[in-house]
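Take a look at the structure set out below.
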Ligand code: T3D
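Numbering (the numbering used here), first residue to last: 307 to 572.
Set out below in structure tokens:
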């Protein structure tokens, strides 16, 4: 059910696509409609070459309160409903993998609370620019669950194992200033400036060498589990590809001609 409104609003501005979660009355909690729509739009943006930067944002006073607990309660009394693991495999996991693997930058523009899978969603993005109202809660434990949708993978890599465990064990709220100080977010701005600042960053990234950013993202993704010698070889492998892009030629030529480069993403 979509509550009679579009659960994800799709906005295009130049080569930037914004996907805005739109269930503000329940702080954008994920029912299946919101989740499958968002997952579908993430996949579409990944495939669409005209999109050179993706922004995940939200309507209303919060980013996302995670899984809709009304639907969880309903599933508890339905013997035909998928178990929690199946639900993750069917809906959340493909979306998280698409965010991590798409070869273009993804920005989370976070206002208000990002809790549970909403926190994981923000963590799965490449960069997080947040309003002063933003907060992050690994809320899973508050309902007896395990952090999912990639939180156990990304969170310790961003903030270290001790902080990640404390957040996951206690389910406490981490406010924007603390999130910045522990490396959970990239930048904090005034709430009123969030959309404009996120768009400014997105437009900048959308006009950078998209192939180069995509290959860089591939390298960082792999570095999370690689050994140094393998990673050095992988960098060399990727550089062969980057060295054959039009944007590489344009970047070098523009520098030598003392003008600003015009990157096309190819
Ligand atoms: O099978 C699977 O899918 C497993 C996957 C699980 C992944 C998960 O995400 S588990 C974690 C689920 N999320 C939570 O446990 C968070 C629950 N919400 C909260 O703790 C609080 O709402 C917040 C800390 C996020 C915000 O608090 P506050 O005081 O700012 O707002 P509020 O008053 O609690 O919420 C406002 C409304 O949104 C309220 O509705 P009402 O009373 O105005 O009609 C509240 O019920 C609703 N809401 C908030 N979160 C959820 C929600 N409704 C359904 N599900 C929610 N998660």
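We put the CB at the ideal spot given by N, CA and C, even for glycine. Just so we're clear, the structure is a prediction, and the values are computed from it rather than from any experiment.
- Look at residue 446: its beta carbon is less than 7 Å from one of the heavy atoms in the ligand T3D.
- The DSSP assignment places 375-382 and 390-393 as complete runs of the alpha helix (DSSP H) inside the region 365-393, in order along the chain (cut-off: 4 residues).
- Burial is judged here by how many other beta carbons sit within 10 angstroms of a residue's own beta carbon; residue 542 has fewer than 16 and is exposed.
- The closest heavy atom of the ligand T3D lies 7 Å or more from the beta carbon of residue 437.
- If you draw a straight line from the Cα of residue 546 to the Cα of residue 451, it comes to about 44 Å.
- Distance from the C-beta of residue 402 to the nearest heavy atom of the ligand T3D is not below 7 Å.
- Three or more Cβ pairs drawn from the region 412-422 and the region 432-446 lie within less than 8 Å of each other, which places the two stretches in contact.
- Judged by DSSP secondary structure, residue 333 falls outside any alpha helix (DSSP H); it is assigned neither H nor E.
- Beyond the five residues adjoining it in sequence on each side, residue 393 comes within less than 7 Å, by CB distance, of no other residue in the same chain.
- One alpha carbon belongs to residue 487, the other to residue 469, and they sit about 12 Å apart.
- Within the region 399-435, complete beta strand (DSSP E) segments of at least 3 residues are found at 412-416 and 419-421, given in chain order.
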